[in-house]
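K.L.:
One structure, pasted below without further comment.
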Amino acid sequence: MRPFFSRIIKPWLALTAAAILAGASQQACTKDATAKAPDAPAAVEAGRRENGVHVVDLAVTEKGFEPGAVQLKKGEPVKLVVTRKTDVTCATELVMDEYKIDAKLPLDTPVEIAFTPSQSGTLRYGCAMGKMIAGTFVVD
65 MRPFFSRIIK PWLALTAAAI LAGASQQACT KDATAKAPDA PAAVEAGRRE NGVHVVDLAV
125 TEKGFEPGAV QLKKGEPVKL VVTRKTDVTC ATELVMDEYK IDAKLPLDTP VEIAFTPSQS
185 GTLRYGCAMG KMIAGTFVVD
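In terms of the numbering used here, the sequence shown opens at residue 65 and continues consecutively.
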């Protein structure tokens, strides 16, 4: 009786327990997957006002553009001051198609980019490689 229990029952019990646990974790994954994940980080109030212009400092780091999402106001002129702080990135340019902006970002050199948001909504910018490294402006 002992060999039967060791060779047949123990493996069967182990497989049954594994199947039950796998089913429970699958349900947990399905439940979590139905919750809506945020598309982008929450936009932050960044920068300062100088003579009616919203000045926003952006950095390009190993993590990408920082801050990643910035709040702007429709019709308010914006001056971005972008500094690439790493050589380990493809974000050596900042591209914003809606405003025909394509600015080179030399290492450790602040680059000023001016534009005025003309529409409310989300404005995406990023690197020249299809915006693989990207950030957003949320325009109110």
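Just so you know, even glycine gets a beta-carbon here, dropped at the ideal spot from N, CA and C.
Quantities reported herein were computed from a predicted structural model and do not represent experimental measurements.
(1) Considering only residues of the same chain and omitting the five flanking positions on each side of Lys100, which have a CB-CB separation below 6 Å?
(2) Could you tell me which of Glu140, Ile177, Asp151 and Lys143 sits nearest to Leu59, measuring between CA atoms?
(3) Based on the DSSP secondary-structure assignment, which residues constitute the bridge partners of Asp166?
(4) Do you know offhand how far Glu140's Cα is from Thr180's?
(5) Hey, is the stretch 190-201 in contact with the stretch 144-159, meaning 3+ C-beta pairs nearer than 8 Å?
(6) Helix, strand or coil for Ile72, going by three-state DSSP, please let me know.
(7) Helix, strand or coil for Ile177, going by three-state DSSP, please let me know.
P.N.:
Working from what's here:
(1) Only weak support exists for where Lys100 lies, its pLDDT of 36 falling under 50; the coordinates are left without a value.
(2) Look at the range of the chain in this structure, 65 to 204, and you will see that residue 59 is not part of it.
(3) Val159
(4) 6 Å
(5) yes
(6) helix
(7) strand
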